[in-house]
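Count the sequence shown with our numbering and you get residues 50 to 118, in order.
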Amino acid sequence: MNGFDWPALMRAGMLGLRLTPEAFWRLTPAELRLMLGQGAGTAPMGRAGLDALLAAWPDQTQGEDHGGD
Numbered sequence: 050m051n052g053f054d055w056p057a058l059m060r061a062g063m064l065g066l067r068l069t070p071e072a073f074w075r076l077t078p079a080e081l082r083l084m085l086g087q088g089a090g091t092a093p094m095g096r097a098g099l100d101a102l103l104a105a106w107p108d109q110t111q112g113e114d115h116g117g118d
């Protein structure tokens, strides 16, 4: 068993995306997933990512010079 639900993938590709059978069978599984919108997004930022942003771009404290004109 290969783990792919071929009937569902064929319905999604040929009916949902309106691909021809030839175009469907030329796609790699990764290309089909991308076209179906799977794995296209990024995960929300976690606490470690937020902490890294805060360290790189700290809020200015009250009365701090902004270095402007």
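Even for Gly, the Cβ is constructed at its ideal location relative to N, Cα and C.
As the structure is a prediction and not an experimental result, all values here were calculated from the model.
Would you check if the distance between the CB atom of leucine 83 and the CB atom of leucine 58 is smaller than 9 Å?
Position 34 of the sequence shown holds residue 83. Position 9 of the sequence shown holds residue 58. Taking 9 Å as the Cβ cut-off, leucine 83 and leucine 58 do not qualify as a contacting pair.
Alpha helix (DSSP H) containing alanine 72: first to last residue?
Position 23 of the sequence shown, counting from 1, holds the residue named residue 72. Note, alanine 72: alpha helix (DSSP H), 70-75.
In three-state DSSP terms, what is leucine 66?
Residue mapping note: residue 66 aligns to position 17 of the sequence shown, counting from 1. It is coil, neither helix nor strand.
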